Amino acid sequence: MKVLESRPTIEGAGVNLKRVFGYYEVPQFDPFLLLDHFGSDNPADYLAGFPWHPHRGIETVTYMISGEVEHGDSIGNKGVIKSGDVQWMTAGGGIIHQEMPKRFEGFMRGFQLWVNLPSSQKMMGPRYRDIRSDQIPEVTAEPGVKVKIVSGEMLNTKGPVQDLVIDIEYFDVSIEPDASFTHKLKDGFNAFCYVFEGLGNFQNEKISREHAVLFKGVDSVKVESGKTPLRYLFVSGKPIGEPVAWRGPIVMNTQEELGLAFYEYRNGTFIK
Ligand code: MN
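So our numbering is basically just the index in the sequence shown, starting at one, shifted up by 571.
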């Protein structure tokens, strides 16, 4: 078990966000590469957005708790990710896109997770899945425990994101005061929780807001709330166990593949 505090970072064209884990934590979170947490009631923190940029070799999963992000890409998709929506994007062999948060009344909050792809799938065709909030089922896992299922399965309810390259559970868990929740992990999976409201005991260790806790080699994760409501992301995935070569928005297995990706981006041959 390892606890990390998210740290202020500037990304994109000048977005103030919190990085929960990233480059320096590879390979501990395998198959996950990065988690960013956006949260601000000041549009100046996020309006600069993430103008046109490429991705290759990964998936990016954007989950907006509140707020709106307008997006567009090189394969002709465009739209708005709204409060409660998820966008699961598989960059595969290459996509060029932009992600621009819109001015939002109140507190804008969301997450972006990067999921690595195995070498055999890094150059797969890109795909998008846009999931509206009303397509995400919520189950009562235990008394006082509500779980929104983005991917994975609980109590015979499956999340809308299926047929993933890497088997992943992505849950948004809300626990009322004085309740507890034990979730069994899949064999050999890495899992982490990221608390974004309240605090709780995770395997008997107190974890507060804006902290992540990583679990490796445990059978199950037991979470108990205290006197206040607790809300966190629970994400688990099967490790890939391959070398990681990472520069900016592109993650491959070797330096040669990275070099080729940037060469192709400069030459206009990035998109396959
Ligand atoms: Mn992006």
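C-beta atoms are modelled at their ideal positions from N, C-alpha and C, and glycine is treated no differently. None of these values were measured; they are calculated from a predicted model.
By the C-beta criterion, the segment 588-596 is judged not to be in contact with the segment 786-798, since fewer than 3 inter-stretch pairs fall below 8 angstroms.
The count of Cβ pairs closer than 8 angstroms, one atom from the segment 664-674 and one from the segment 638-645, reaches three, so the stretches are in contact. Shown here for W659: same chain residues with a beta carbon closer than 6 angstroms to its own, the five before and five after excluded, namely V632, R700 and V732 in chain order. The three-state reading of DSSP puts R837 in helix, counting H, G and I together.
A contact between stretches requires three or more CB pairs, one per stretch, nearer than 8 angstroms, and the segment 610-629 fails this requirement with the segment 649-659.
Spanning the alpha carbons of L588 and T580 requires a straight line of approximately 5 angstroms.
Ligand 1 has no heavy atom closer than 7 angstroms to the beta-carbon of P622.
Within the model, the alpha-carbon separation for S791 versus L756 is close to 5 angstroms. Straight through space, the alpha carbons of G723 and V736 are spaced by roughly 13 angstroms. Short note on E670: C-beta closer than 7 angstroms to some heavy atom of ligand 1. Spanning the alpha carbons of G808 and E630 requires a straight line of approximately 13 angstroms.
CA-to-CA, the gap between K729 and N838 works out to about 42 angstroms.
If you check the C-beta of T631 against ligand 1, you find a heavy atom less than 7 angstroms away. Taking C-beta atoms as the reference points, F833 and F742 fail to come closer than 8 angstroms. Residue environment for E740: buried (at least 16 other C-beta atoms within 10 angstroms of its C-beta). Taking one beta carbon from each stretch, the segment 764-783 and the segment 817-824 have fewer than 3 pairs nearer than 8 angstroms; the two do not touch.
Within the same chain, K573 and F763 come within 6 angstroms of L785 by CB-CB distance, once the 5 residues on both sides are set aside.
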